[in-house]
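Participant: Let me begin by handing over the structure; questions about it come next.
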Amino acid sequence: MTDVTGAAADVLHTLFHSDQGGHEQVVLCQDRKSGLKAVIALHSTALGPALGGTRFYPYASEQEAVADALNLARGMSYKNAMAGLDHGGGKAVIIGDPERDKSEELLLAYGRFVASLGGRYVTACDVGTYVADMDVVARECRWTTGRSPENGGAGDSSVLTAFGVYQGMRASAAHLWGDPSLRGRKVGVAGVGKVGHHLVEHLLKEGAEVVITDVRQEAVERIAGRHPAVSHVADTAALIRTEGLDIYAPCALGGALNDDSVPVLTARIVCGAANNQLAHPGVEKDLADRGILYAPDYVVNAGGVIQVADELHGFDFERCRAKAAKIYDTTLAIFARAKEDGIPPAAAADRIAEQRMHEAALEPAH
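Under the working numbering, the residues of the sequence shown are numbered 248 to 613, in order.
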């Protein structure tokens with residue numbers, strides 16, 4: 248079923264009526280010459296211009312692309328609010344295979360669409376887009392972050408993303424065991440790519456015992472070659488069952504915490520860089536029922552968005568690192584709120600973020 252525009256009716260219902268909706272604006276972009284098909288979703292600008300990356304992905308359908316943009320934009324509102332940024336949430340998706348369909352002409356066309364929003368949306372890198380791509384987009388749009396240092400940007404944001412996850416992990420240890428130190432703790436890291444390999448460095452520096460896995464053998468070999476003391480297992484299924492595991496860090500794809508993984512998870516803490524770790528609503532309660540402490544993903548992995556937001560003010564790494572270090576305090580505050588309200592940490596984080604957005608929306612415009 249479609250409406251008069253040809254858009255799937257269920258997408259429009261999501262936008263206007265469901266809990267996943269409530270978005271301020273959704274823009275459908277098309278440039279026939281370059282082949283660009285994109286969706287820009289702005290969930291909220293209550294705290295400031297919407298900030299979120301551009302995902303380039305071969306979606307099975309336009310409806311799937313719109314739904315993903317809506318969900319991702321909503322998630323960015325919560326992430327930016329909890330990171331203490333003066334930004335709302337937005338996200339863009341470009342439909343296509345980045346290996347085959349990406350071109351300079353397409354990225355320039357996309358940049359013109361973002362520029363047409365007049366600063367209501369600030370874009371950055373995401374799955375399928377990289378620093379070099381943002382340099383191209385920036386030629387048409389000044390509201391572009393995640394650029395190269397040569398072009399006034401901060402470059403790779405994975406360094407601060409990993410640092411923020413590490414701080415969230417320390418806060419989790421302090422809450423559960425009364426000591427933030429990770430020395431002697433066994434930590435399993437699933438995914439040792441851009442963010443995961445930096446996280447491993449932090450853990451080893453503090454004296455943690457590290458076990459890793461990755462679908463790419465070369466990623467595992469890179470860590471093993473540099474750090475022979477790091478052990479590895481065949482896959483995530485083996486990692487989550489590792490005997491004596493204290494902390495599990497999902498740093499790859501979303502949905503890592505689901506009906507299959509939670510019942511067999513040996514770790515007492517889950518704290519990782521992957522987005523959307525909870526496969527469905529209710530998983531956070533399953534974790535709590537098993538006595539597993541969950542550090543909400545969008546809180547602890549906010550180091551990257553803190554970095555790209557800082558680009559708008561002239562990037563300063565030490566300033567960003569100081570902001571990312573506050574993820575420790577934010578994580579502790581979430582655990583305290585969860586205990587006070589008798590709810591899981593994921594729900595507590597949502598409440599705090601919603602409160603900040605609600606209060607900002609009530610403030611008179613300047």
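C-beta: ideal position from N, C-alpha, C; glycine also.
1. Determine which residues share a DSSP beta bridge with Ala285 and list them.
2. Measure the Cβ-Cβ separation of Val547 and Gly415 and say whether it is below 8 Å.
3. Looking at Leu298: is its Cβ nearer than 8 Å to the Cβ of Tyr357?
4. Find out if the Cβ-Cβ distance for the pair Ala521, Ala542 is shorter than 8 Å.
5. Excluding sequence positions up to five away, which residues of its chain have a Cβ less than 6 Å from the Cβ of Arg463?
6. Give the range of the alpha helix (DSSP H) segment to which Glu351 is assigned.
7. Which of helix, strand or coil does DSSP assign to Lys532?
8. Can you tell me which residues form a DSSP beta bridge with Arg302?
9. Buried or exposed for Arg367, going by 16 or more other Cβ atoms inside 10 Å?
10. Measuring alpha carbon to alpha carbon, tell me which of Ala600, Leu259, Ser324 and Ala580 ends up nearest Ala421.
11. List the endpoints of the continuous beta strand (DSSP E) containing Thr460.
12. For a test of the three-state rule: what should DSSP assign to Tyr413, helix, strand or coil?
13. Where does Lys338 land, buried or exposed, given buried means 16+ other C-beta within 10 angstroms?
14. How far does the beta strand (DSSP E) with Lys433 in it reach, from first residue to last?
15. In terms of residues, what are the limits of the beta strand (DSSP E) holding Tyr495?
16. Contact defined as beta carbons within less than 8 Å: I believe Arg302 pairs with Gly375. What is the distance between those atoms, to the nearest angstrom?
17. Of the residues Met323, Thr513, Asp278 and Arg279, which one's Cα is nearest the Cα of Ala680?
18. Quick one: residues in its chain with C-beta nearer than 8 Å to the C-beta of Asp403, no 5 flanking neighbours on either side, listed in chain order?
19. Name the residue from Trp390, Ala608, Gly400 and Tyr306 whose alpha carbon lies nearest to the alpha carbon of Gln554.
20. Roughly how many angstroms separate the alpha carbons of Ala583 and Val517, rounded to a whole number?
21. Ends of the alpha helix (DSSP H) at Glu606?
22. Go ahead and label Ala593 buried or exposed: buried means 16 or more other beta carbons lie within 10 angstroms of its beta carbon, across all protein chains shown.
23. Select from Asn523, Arg568, Gly519 and Leu486 the residue whose C-alpha is nearest the C-alpha of Leu508.
24. Mapping DSSP to helix, strand and coil, what is Ser478?
25. Would you identify the three-state DSSP class for Ser291, choosing helix, strand or coil?
26. Shorter than 8 Å from the beta carbon of Val511 to some beta carbon of chain B?
27. Helix or strand or just coil, what does DSSP make of Tyr335?
28. Can you round the beta-carbon distance between Thr391 and Thr370 to whole angstroms, since I take them to be within the 8 Å contact cut?
29. DSSP on Tyr377, reduced to helix/strand/coil?
30. Return the bridge partner residues of Leu567 from the DSSP annotation.
31. For the alpha helix (DSSP H) containing Thr577, name the first residue and the last one.
32. Which value, in whole angstroms, describes the spacing of the CA atoms of Ala328 and Arg279?
33. So, Gly519 versus Val412, is the Cβ gap smaller than 8 Å?
34. I need the DSSP call for Thr489, collapsed to helix, strand or coil.
35. Is DSSP giving Val369 helix, strand or coil here?
Facilitator: Let's see:
1. On the sequence shown, residue 285 is found 38 positions in, with the first residue counted as 1. DSSP lists Cys276 and Ile341 as partners of Ala285.
2. For this step, residue 547 is matched to residue 300 along the sequence shown. For this step, residue 415 is matched to residue 168 along the sequence shown. The answer is yes: Cβ separation under 8 Å.
3. Against the sequence shown, residue 298 aligns to sequence position 51. Against the sequence shown, residue 357 aligns to sequence position 110. No, Cβ-Cβ distance for Leu298 and Tyr357 is not below 8 Å.
4. Here the question's residue 521 lines up with position 274 in the sequence shown. Here the question's residue 542 lines up with position 295 in the sequence shown. Not a contact, by the Cβ cut-off of 8 Å.
5. Mapped onto the sequence shown, residue 463 falls at position 216. Contacts found: none.
6. Within the sequence shown, numbered from 1, the residue matching residue 351 stands at position 104. Unbroken alpha helix (DSSP H) run through Glu351: Glu351 to Ala362.
7. Along the sequence shown, read from residue 1 onward, the residue named residue 532 stands at position 285. Lys532 falls in the helix class under three-state DSSP.
8. Walking along the sequence shown from the start, residue 302 turns up at place 55. BP columns for Arg302 point to Val340.
9. Here residue 367 refers to the residue found at position 120 of the sequence shown. With 16 or more Cβ atoms within 10 Å of its Cβ, Arg367 is classed as buried.
10. Translated into positions along the sequence shown, residue 421 becomes position 174. With distances taken between Cα atoms, Ala421 lies closest to Ala580.
11. On the sequence shown, residue 460 is found 213 positions in, with the first residue counted as 1. That run of the beta strand (DSSP E) goes Glu456 to Thr460.
12. Position 166 of the sequence shown, counted from the start, is the residue given in the question as residue 413. In the structure shown, Tyr413 sits in a helix (DSSP, three-state: H, G or I).
13. If you number the sequence shown from 1, residue 338 lands on position 91. The residue is buried, with at least 16 neighbouring Cβ atoms inside 10 Å.
14. For the purposes of this step, residue 433 is taken as residue 186 along the sequence shown, with counting starting at 1. Lys433 to Ala437 is the span of the beta strand (DSSP E), which, as asked, contains Lys433.
15. As a working mapping, residue 495 is identified with position 248 in the sequence shown. Here the beta strand (DSSP E) through Tyr495 covers Ile494 to Pro497.
16. For this step, residue 302 is matched to residue 55 along the sequence shown. For this step, residue 375 is matched to residue 128 along the sequence shown. Between Gly375 and Arg302 the Cβ distance is about 6 Å, and since that is below 8 Å, they are a contact.
17. The structure shown does not extend to residue 680, since the chain is modelled only from 248 through 613, so no value can be given for it.
18. Counted from its first residue, the sequence shown places residue 403 at position 156. Val378 and Lys441, listed in sequence order.
19. Translated into positions along the sequence shown, residue 554 becomes position 307. When only C-alpha atoms are compared, the closest one is Gly400.
20. Indexing the sequence shown from 1 puts residue 583 at position 336. Indexing the sequence shown from 1 puts residue 517 at position 270. Answer to the nearest angstrom: the Cα atoms are 17 Å apart.
21. Taking the sequence shown and counting its residues from 1, the one referred to as residue 606 is at position 359. Per DSSP, Glu606 belongs to the alpha helix (DSSP H) from Pro592 to Leu609.
22. Numbered from 1 along the sequence shown, position 346 holds the residue referred to as residue 593. With 16 or more other Cβ atoms within 10 Å, it is buried.
23. For this step, residue 508 is matched to residue 261 along the sequence shown. Here the sequence assigns Ser to residue 508, which means Leu is not the residue at that position. Answer by Cα proximity: Leu486.
24. Here residue 478 refers to the residue found at position 231 when the sequence shown is read from its first residue. Strand, per DSSP.
25. By one-based count along the sequence shown, residue 291 stands at place 44. Strand.
26. Among the protein chains of the structure shown there is no chain B, as only one such chain exists.
27. Taking the first residue of the sequence shown as position 1, residue 335 is located at position 88. Strictly speaking, residue 335 in this sequence is Gly, with Tyr absent from that position. In the structure shown, Gly335 sits in a strand (DSSP, three-state: E or B).
28. Translated into the one-based positions of the sequence shown, residue 391 becomes position 144. Translated into the one-based positions of the sequence shown, residue 370 becomes position 123. Right, the Cβ-Cβ distance comes to about 6 Å (below 8 Å), so this counts as a contact.
29. Walking along the sequence shown from the start, residue 377 turns up at place 130. Tyr377: coil per DSSP, three-state reduction.
30. Along the sequence shown, read from residue 1 onward, the residue named residue 567 stands at position 320. Going by the sequence as given, residue 567 is Cys instead of Leu. Answer is none; Cys567 lacks a bridge partner.
31. For this step, residue 577 is matched to residue 330 along the sequence shown. That run of the alpha helix (DSSP H) goes Ile574 to Asp588.
32. As a working note, residue 328 is residue 81 in the sequence shown. As a working note, residue 279 is residue 32 in the sequence shown. Computed Cα separation, rounded: 36 Å.
33. Stepping through the sequence shown from its first residue, residue 519 is reached at position 272. Stepping through the sequence shown from its first residue, residue 412 is reached at position 165. Taking 8 Å as the Cβ cut-off, Gly519 and Val412 qualify as a contacting pair.
34. Locating residue 489 in the sequence shown gives position 242, where the first residue counts as 1. Three-state DSSP puts Thr489 in coil, outside helix and strand.
35. As a position in the sequence shown, residue 369 is number 122, starting the count at 1. Looking at Val369 - three-state DSSP - the assignment turns out to be strand.
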